[in-house]
Structure formats: structure tokens, C-alpha cells
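Here's the structure, in C-alpha cells; my notes come after.
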Amino acid sequence: MSEAALRVEKLQVNFGPVEAVRTVSFQVAPGACFGIVGESGSGKSTILRAICGLIRDWRGEIRVQGTPPRYDRAFFRQVQMVFQDPYGSLHPRHTVNAVLAEPLKIHGIQDRGRRIEAILEQVGLDHSFRYRYPHQLSGGQRQRVAIARALILESSVLLLDEPTSALDVSVQAEILNLLARLRAEHHLTYLLVTHNLAVVSHLCEGLLVMNAGRVVEEMTIDQLRRHETHDPYTRQLLTASLGYDREAAASLQTFD
Amino acid sequence: MPTEHATARAWLLADVPGSAFQAYCGRLYLGWLALARNKLALLGLAIVVGLVLCALLAPLITPYGPNQQNLANRLQPASLQHWFGTDQLGRDIYARIIYGSRITLYIVVLVAAITAPVGLIVGTLAGYMGGRTDTVLMRLTDVFLAFPRLILALAFVAALGPGLENAVIAISITAWPPYARVARAETLTIRHAEFIEAVRIQGGSTARIILWHVIPICLSSVIIRVTLDMAGIILTAAGLGFLGLGAQPPDPEWGAMISSGRQYILDQWWVATVPGIAIFVVSLGFNLLGDGLRDVLDPKSA
Amino acid sequence: MSTMNDPNPDSPILRVDNLNVSFHTSKGVVRAVRRVDFHLGREKLGIVGESGSGKSTVGRAILGLVRPPGQVQADAIRFHDQDLRNLSNRQWRGIRGKRIGMVMQDPKYSLNPVMRIGEQISETLRVRERLSRAERQRRVLASLEAVRIRDPERVYRAYPHELSGGMGQRAMIAMMLVADPELLIADEPTSALDVTVQMQVLAVIDDLVSQRGMGLIFISHDLNLVASFCDRILVMYAGQVVESCRAGELHQARHPYTRGLLESLPDVDNPRPVLPTLNRDPAWLEDVP
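Below, the structure written as C-alpha cells:
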């Protein structure tokens with residue numbers, strides 16, 4: 001059995017007295033896409049932030065390609081993140097070129113012009129976008145730039161934090177298709193965090209359902225499609241995601 | 257030529273900039289267009305530009321030297337030979353005003369060049385690093401903020417002797433704290449922004465983040481603040497000159513001119529009033545320009 | 559109660575005929591809303607569109623909230639038999655927040671940051687009806703409970719910044735519902751809420767429509783939600799209504815934009831390796847006949 005690209009074991013993250021992530025464990029095979037689904041406050045984004053190093057104060061085990069994260073340059077070349085808000089993840093005063101050149105400069109990589117042009121083409125933006133500012137781009141275009149930025153270091157593991165939640169419906173499909181294509185072409189491993197079960201079902205093979213920091217259930221997409229849920233919370237989430245239903249709404253409970 | 261102008265404008269407004277330089281110039285040009293829509297801001301800019309031109313071209317636009325005395329002609333009202341009249345030593349007031357603009361400009365540029373960078377660096381460091389660095393730097397800022405400007409200038413003069421450079425140092429020491437506060441406030445709002453986090457997870461150092469990501473955002477607010485403060489700085493310098501603590505005679509510093517013209521104010525009012533009007537006009541110019549810049553650069557609308 | 563006072567319970571609560579909103583900017587005229595017509599009875603009408611479709615502008619135009627350089631022109635905007643065009647501020651004060659409720663997207667901009675939640679909500683009651691203070695407090699607490707806020711006493715005494723985003727949005731909805739409006743215009747009222755809370759809040763609004771005869775205009779980008787919650791749907795694109803149908807018939811929509819949008823949505827029950835993307839036909843920008 002090949003080594004898991006990403007393994008998380010008994011991860012615990014506390015913010016003072018609040019247990020944001022409570023002993024969460026899962027693993028992701030190389031080239032796979034794994035989803036973490038939950039509502040706000042479930043701790044799903046916190047897991048991503050712990051893996052990529054924005055949060056350093058965690059307990060438990062994280063292994064990327066078999067080794068614990070050292071949060072040095074070599075590590076950042078392996079793991080990158082795409083943020084949720086396309087309007088907030090690009091510096092308002094930097095051109096697309098500057099945004100993409102930065103990681104290359106930090107890592108001392110030469111031949112920047114060629115690499116920038118190449119990655120722009122990969123994400124479906126032609127070279128006319130290279131010297132534009134973020135306010136001249138649409139939401140979908142900004143998110144493509146964010147994806148390009150995450151991939152320009154040729155990382156193998158990509159953390160996706162609600163990558164399409166802030167986008168228009170028609171743009172969402174384009175970005176989801178782009179993510180699927182890139183994953184296949186470059187054999188990337190995705191860890192996708194979202195509250196949208198439909199998005200997870202499109203991109204991922206397996207998923208984790210979280211509530212209030214804890215893992216509620218782990219399942220495959222096939223199980224999700226067959227509505228084979230063992231847990232009432234998951235069942236409730238699934239029902240609610242299918243649309244509004246008066247009777248169903250009346251029977252909703254709060255799980256804490 | 258019309259075609260050259262048209263192609264330059266097309267290059268600046270190009271939808272697809274071909275280089276980083278072109279993109280940057282284009283942005284500056286759009287900012288200029290926005291500023292130019294505001295007539296008052298243009299007036300302010302005209303005054304400031306006028307100040308600079310007076311300072312640069314002083315020998316060319318004055319028929320007399322600023323220290324050229326003619327005691328037979330003292331305290332003359334405005335006439336065709338002396339547009340603003342003469343002072344108590346028969347010197348042409350118009351010439352002294354024009355040469356005085358050099359001193360004003362010198363003070364303004366020097367103070368801005370010292371205080372803005374210091375304030376920016378202290379503020380962004382404090383805001384981004386937080387914790388003990390923040391506390392130490394901000395308390396330091398508070399200490400300097402507490403000094404009353406004129407009293408400090410008096411202390412400097414007592415210690416080092418009067419003079420223009422000492423006046424500039426005295427003003428600068430008390431002028432930078434507000435910029436540090438402004439920069440810190442802006443830094444706090446963007447410290448946890450996703451575009452900053454993105455650089456952190458690429459392995460960017462703190463220095464890189466502060467220099468290339470935080471400071472460019474704080475720059476607008478600091479520029480606006482500095483421009484608006486210029487009016488106050490000119491007044492402070494004039495106040496120091498009035499007290500005899502700034503430029504020394506016979507330098508044509510406007511505040512000193514008001515001071516020496518005080519005793520003639522009832523009968524020969526122009527000796528003290530004309531420098532006062534000059535100070536007023538230049539202060540107003542910086543204020544109007546600062547307001548216009550704020551409308552263009554205001555972070556809330558960016 | 560609204561239904562008892564209305565002599566003709568079948569007449570439309572709101573009539574909008576030929577609504578146009580244009581913005582005159584330095585770059586030219588932007589026609590944000592073009593020739594929008596609809597009537598609203600005691601039902602839930604959904605207006606769906608993406609950003610830039612004009613859907614929020616329709617809501618604001620009805621409420622008289624479009625400021626210059628925007629210009630509103632319509633053949634009719636009638637609320638019962640009151641013409642809503644060109645009302646004075648004083649006349650609007652009697653209508654907005656009282657007879658017509660409005661819930662906008664961001665609670666930050668609708669809730670007064672220096673007033674406690676309870677005070678703000680009871681303010682809407684103070685003018686309309688003569689109630690004792692205790693009675694007002696009871697009604698406010700009841701409205702907070704109705705939007706599934708579990709400790710209404712605490713929220714009553716809290717300031718807006720002390721509440722989470724989702725709670726703030728629910729408090730805003732409670733504020734609009736406590737005055738028992740005849741018409742509610744809601745612009746993405748539940749988009750910031752978790753899906754389970756969303757369902758519960760929608761159930762509250764649903765009950766108000768069916769039990770108190772309130773009319774609802776529900777503006778959203780979420781096609782599936784609107785299709786499952788509302789009775790009728792208007793789909794907007796580039797300022798125009800391109801589709802108008804009953805909610806149950808959405809999947810037989812005819813306009814290519816609506817079809818394209820429906821097909822591009824990922825679906826748990828309908829896996830496709832590549833999602834069809836929308837091909838924007840420039841012909842859709844032309845005036846609908």
C-alpha cells in the first residue's frame with residue numbers, strides 16, 4: 001500500500017478554552033480528493049490552517065508525504081492553499097504578475113517570466129491578464145489567479161478552503177472543472193473543505209462530516225449518493241442540502 | 257502634438273498592459289484623472305506647484321535681492337517698483353516673500369522626508385508584530401507625542417542654539433507619532449487578511465511582508481496625513497521664526513518677517529500682513545491638496 | 559391582522575409595471591433594471607440571478623432606496639392602492655419597516671451598533687401600536703424565539719457586535735417580522751446562515767406567509783433554494799426577467815440562460831465528470847420581446 005499523501009492523527013486544536021478541533025483523524029491517498037464537510041464552527045477550516053502552518057499550536061500528528069511538517073521552505077513547496085474569498089486573497093496593489101512572481105522569488109527560482117506565462121495558460125487565463133490589477137478581474141478570474149499562485153511552486157498537495165463558495169453559480173462550474181482537470185493532469189492530492197455537499201460529491205472520492213470540532217462520520221461518495229448515512233446529524237445535513245421542505249424543517253434538531 | 261498626446265494616453269489607459277511599468281503608470285494616470293476632477297484639489301496642487309516654482313526660479317522673478325537694503329526707501333506702500341512695498345530696512349517685500357518660499361519648502365521637504373518613513377516603519381512594525389514589540393513601540397510613540405512642539409523647540413535652542421536645522425529637528429521629533437498611529441491602525445486591519453496569509457504560507461519572511469505588502473497599503477493614509485499636516489508644520493515653523501528660534505536674520509523666513517513687522521502694524525500694515533497671507537495661502541494649498549488626495553486614495557473606497 | 563382588514567384578499571399586494579432603473583455614470587448609462595413587470599399576491603415570489611443581474615436593485619427600487627445617480631422609472635409601483643413612486647421621507651417612514659419589511663444581506667449595516675438588540679426591535683413596535691412596555695418586551699422575545707434564537711433574554715440585552723454573523727442576521731429578521739408587515743422584501747436573508755438554521759428561519763417566514771397572509775419577495779442567487787421554497791420564480795439576467803414560472807416547473811424552463819444555469823450546478827444525485835458551463839449568448843442582452 002502506498003504511503004498516504006496526507007495523514008492526520010488525533011489532531012487537537014484549542015483556542016484557549018474552546019476546543020476547535022477534537023482528536024480528528026483521517027488520511028488521504030496520493031492523487032485523491034478528500035472532502036471535509038461541516039457547518040460554520042465545525043473546525044474544518046482550522047484543520048487546513050494547522051496543516052499549512054498558519055496555526056502552529058496544535059497537538060497530535062500530521063504527516064505530509066510521510067514526514068511531519070517542518071514549516072520551512074521545502075515544506076511550503078509541497079503544500080499550498082487556495083483561500084475562499086477571491087476578493088481578499090490577492091493584494092489590491094499587486095499585479096497578477098507580482099502575485100505569481102512572489103513565491104518564485106521567495107524560493108529563489110529563476111526563469112520567472114516563462115513559468116508565469118505557463119501557469120496562466122494552465123488555469124485558462126491568457127497573457128493579457130498578466131499585468132492587470134485584481135480590481136480589473138472578475139471573481140472567477142481572481143480565483144484562477146489564486147489557483148495559479150498555489151500551483152506555481154509545483155506543490156503536490158493542495159488545500160482548498162471553500163474555493164467556490166464566494167463565486168457566482170455559473171462561474172462555480174468553470175472553477176470546479178478547472179480543479180478536476182488540474183488534479184488529473186498533475187496527479188495532485190486535494191483536501192477540500194466546504195459546506196456544500198454537491199461540490200464535494202463532484203470533486204471528491206471520500207469525505208468526513210464534522211460538527212463542533214468532532215468527526216461525526218466518514219464515508220465514500222458512493223455512500224453519500226445512496227444516502228447511506230449512519231448518523232442523524234449527517235442525515236439532517238443531507239436533507240437540508242436538498243432544498244427547503246416544510247416538514248423536514250420542523251423536525252430539525254440542534255446537535256451540540 | 258496631438259497625435260503624441262493621444263498615443264501616450266492610449267498607452268496609459270491600455271486595457272492590456274504589456275509590462276509592470278506600464279501597469280503602474282496607468283494606475284498613476286487614473287489616479288491623476290480622479291484628482292483632476294476635483295477643482296479645489298487642483299487649486300491646492302497649483303499653489304504647491306507655485307511654491308516650488310517660486311523657490312526654484314527665485315533669482316529670475318525678482319528684480320531685487322532679498323537682502324538688498326535701501327534705507328531711503330523704507331516702509332513704502334505697494335507701488336509699481338515694489339509690488340508689496342518695502343520693509344523697515346527698505347528691502348523689497350515681494351523679493352523676500354519669493355526667497356522665503358525656499359525656506360518654507362526646505363522645512364516642508366525635510367520634515368516630510370524624516371517623519372513619514374520613521375512613522376511608517378514604527379507603525380507597521382508595531383501593528384504587524386504585535387505583542388511586546390507593539391507595546392514598546394507604541395509607548396515610545398506616546399512619549400514623543402506628549403512633547404509640546406514649541407516647548408521642545410525652545411529646549412533645543414537652549415541646548416544647541418537657534419537655527420533652521422534645529423527648528424526642523426524639533427518639529428520632526430514631534431511630528432512623526434501620528435503617522436505611526438495611522439500606519440499601525442491600517443496594519444491592524446489587514447494583518448490577518450488572506451493575501452497576507454498567502455505570503456506566509458509561501459515562506460515569506462516578516463520583513464518581506466511588511467515591506468512589500470503592508471507598507472504599500474498604509475502608504476496612502478500616511479501620504480494624506482502628511483500632506484494635511486504640512487499646513488500645521490508651516491505654521492509651527494513660522495511660529496518658531498516669529499519667536500526668533502528658526503531661521504535667523506537676515507534670512508527672509510516668513511514667520512520672522514511677521515515678527516519684525518509687528519511694531520509697524522498700525523501704519524505700515526503690509527510689512528507684517530503680506531508674509532501672513534503667504535503663510536495662509538500655502539497652508540490652504542496643502543490642505544486642499546490633502547483633501548483631494550484623500551478623496552482619491554481613501555482606503556474605504558479602494 | 560392583515561387579512562382581516564383587507565376588503566379584497568385576492569387583490570395583489572404589490573404591482574410593478576415596466577420598472578426601469580438606470581445609473582448615469584461618467585462612463586455612460588448603465589441600465590441595471592429593464593422593463594420588469596410582476597404582481598405579488600399572498601405568496602412567495604423568488605427573484606433569482608447572479609451578481610449584476612439587477613435583482614437587488616429591483617428590491618431597492620420598490621422600497622425607494624435607489625439614490626442618485628440612479629434613476630427609477632416605472633409605469634406603476636403600487637402597494638395595495640398606494641403609489642410608491644415619489645413618496646416623501648415622512649410617508650416612507652410610515653411604510654418601511656412597518657407595512658413593508660425589508661431584510662438586507664449584511665446585518666452589519668442594518669443594525670444600529672450602539673443600541674441593544676431588544677431596544678431596536680421594540681422601536682418598530684412603539685410607533686405603530688399602543689402597547690405597554692411589558693407587552694412590547696414579550697412580543698420582542700417571542701419574535702426572537704421564532705427565529706430559533708435559543709436564549710432570547712441574552713440576545714435582547716446584547717449589542718450587535720456581541721452576536722455572531724448568523725445570530726445577527728436572525729435578529730434582523732426578527733426585527734422585521736415583529737411589526738407584522740404585509741409585505742416582506744428579503745435580499746439574501748439566509749445566505750450567511752448554516753443550512754440547518756437556514757431551513758428553520760425559512761420555516762418561520764413560510765408560516766407567516768401562510769398564516770398571516772404576508773407577501774414575500776425572496777431575492778437570492780441560490781436557484782435550488784428558491785425553487786424549493788418559493789411559489790413562483792423570476793429569473794433575471796442583465797437587468798431583465800428572462801424566465802417567469804411556477805417553482806415546480808423550473809426544471810422545464812425554456813430560456814437558455816436558465817437551462818444553462820440549472821445544468822451547471824453540481825448535483826449529488828447526478829454525477830457528471832465535467833460540468834456543463836454556461837455559454838453566454840450576447841443575444842440574451844437584447845431586450846426581451
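As given, the protein sequences belong to chains A, B and C, one line each in that order. According to the working numbering, the first sequence is numbered sequentially starting from 1. According to the working numbering, the second sequence is numbered sequentially starting from 257. According to the working numbering, the third sequence is numbered sequentially starting from 559. For each residue, glycine too, the CB sits at the ideal point set by N, CA and C.
**Request:** Could I get the ranges of all uninterrupted alpha helix (DSSP H) runs contained in the region 350-433 of chain B, with 4 residues as the minimum, in chain order?
**Result:** 387-402, 405-416, 420-431
**Request:** Verify whether the separation of the beta carbon atoms of Asp168 of chain A and Gly124 of chain A is less than 8 Å.
**Result:** no
**Asked** Residues bridged to Leu774 of chain C by DSSP?
**Response** C:Lys602, C:Leu742
**Assigned secondary structure, Arg214 of chain A (DSSP; H/G/I helix, E/B strand, else coil)** = strand
**Message:** Here's the rule I'm using: 16 or more other beta-carbon atoms within 10 Å means buried, otherwise exposed. How should Gln629 of chain C be labelled?
**Reply:** exposed
**Message:** Give me the residue from A:Gly108, A:Gln12, A:Leu176, A:Ala249 with the minimum Cα distance to Pro849 of chain C.
**Reply:** An answer regarding residue 849 of chain C cannot be provided, because it is not within the stretch 559 to 847 covered by chain C.
**Item:** Where Arg651 of chain C falls, given that 16 or more other Cβ within 10 Å makes a residue buried
**Value:** exposed
**Message:** Please determine whether the Cβ atom of Met772 of chain C lies at a distance below 7 Å from any heavy atom of the ligand GTP.
**Reply:** Absent from the structure shown: the ligand GTP. Ligands present: none.
**Prompt:** Considering only residues of the same chain and omitting the five flanking positions on each side of Val215 of chain A, which have a CB-CB separation below 7 Å?
**Reply:** Val24, Leu208
**Request:** Using the Cα positions of Ile791 of chain C and Gly460 of chain B, report the straight-line distance between them to the nearest angstrom.
**Result:** 49 Å
**Residues that Asp72 of chain A contacts on chain C, provided the C-beta gap is smaller than 8 Å** = Residues of chain C passing the Cβ test: none, with the nearest at roughly 36 Å.
**Message:** Applying the 10 Å Cβ sphere with the 16-neighbour rule, what's the burial state of Asn837 of chain C?
**Reply:** exposed
**Prompt:** Could one say the Cβ of Ile106 of chain A lies closer than 8 Å to chain B's Cβ atoms, at least one of them?
**Reply:** yes
**For Gly511 of chain B and Ile303 of chain B, the rounded distance between their alpha carbons** = 19 Å
**Asked** Which of helix, strand or coil does DSSP assign to Arg684 of chain C?
**Response** helix
**Message:** Quick check on the burial criterion: 16 or more other C-beta atoms within 10 angstroms. Buried or exposed for Glu693 of chain C?
**Reply:** exposed
**Request:** Whole angstroms is fine: what's the gap from Leu572 of chain C's alpha carbon to Leu735 of chain C's?
**Result:** 18 Å
**Request:** Please classify Glu450 of chain B: does DSSP put it in a helix, a strand, or coil?
**Result:** helix
**Asked** In three-state terms, what does DSSP make of Glu9 of chain A?
**Response** strand
**Interface residues of chain B facing Met81 of chain A [CB-CB closer than 7 Å]** = Ile457
**Item:** Contact set between the region 23-42 of chain A and chain C, restricted to residues whose Cβ is under 7 Å from the partner
**Value:** Glu39, Ser40
**Message:** For a contact defined as C-beta to C-beta under 9 Å, what are the partners of Ala174 of chain A on chain C?
**Reply:** Position check: residue 174 of chain A holds Glu in this sequence, whereas Ala was assumed. In chain order: Ser822, Leu833, Thr835, Leu836.
**Prompt:** If you check the beta carbons only, do Ser428 of chain B and Thr492 of chain B fall under 8 Å apart?
**Reply:** no
**Gln143 of chain A - DSSP class collapsed to helix/strand/coil** = helix
**Request:** Could you have a look at Cys788 of chain C and say whether DSSP puts it in helix, strand or coil?
**Result:** coil
**Prompt:** Which residues in chain C sit within 7 Å of Ala197 of chain A, going by Cβ to Cβ distance?
**Reply:** In the sequence on display, residue 197 of chain A carries Leu and not Ala. By Cβ distance, chain C contributes Val826.
**First and last residue of the uninterrupted beta strand (DSSP E) at Leu153 of chain A** = Careful: Leu153 of chain A lies outside any beta strand (DSSP E) and carries neither H nor E.
**Prompt:** Cβ of Gly274 of chain B less than 8 Å from any chain A Cβ?
**Reply:** yes
**Request:** Would you tell me roughly how many angstroms separate the C-alpha atoms of Ile221 of chain A and Tyr87 of chain A, rounded to the nearest one?
**Result:** 31 Å
**Asked** Is DSSP giving Ile571 of chain C helix, strand or coil here?
**Response** coil
**Distance between His779 of chain C and Met562 of chain C (C-alpha atoms, nearest Å)** = Any reading at Met562 of chain C needs caution, since the residue's pLDDT is 42, under 50, leaving its predicted position unreliable; the model's value is listed next. Approximately 34 Å, taken between the alpha carbons.
**Asked** So which residues on chain C does Leu90 of chain A lean against when the C-beta distance must stay under 9 Å?
**Response** By Cβ distance, chain C contributes nothing, its closest Cβ being about 18 Å from Leu90 of chain A, past 9 Å.
**Asked** Counting Cβ pairs closer than 8 Å, one from the region 182-199 of chain A and one from the region 813-822 of chain C, do we hit at least three?
**Response** no
**Prompt:** If we ignore side chains and look at the alpha-carbon of each, how far apart do Asn670 of chain C and Ile465 of chain B end up?
**Reply:** 36 Å
**Neighbouring residues, chain A, relative to Gln758 of chain C (Cβ below 7 Å)** = Ala249, Leu252
**Prompt:** Does the beta-carbon distance from Gly60 of chain A to Tyr71 of chain A come in below 8 Å?
**Reply:** no
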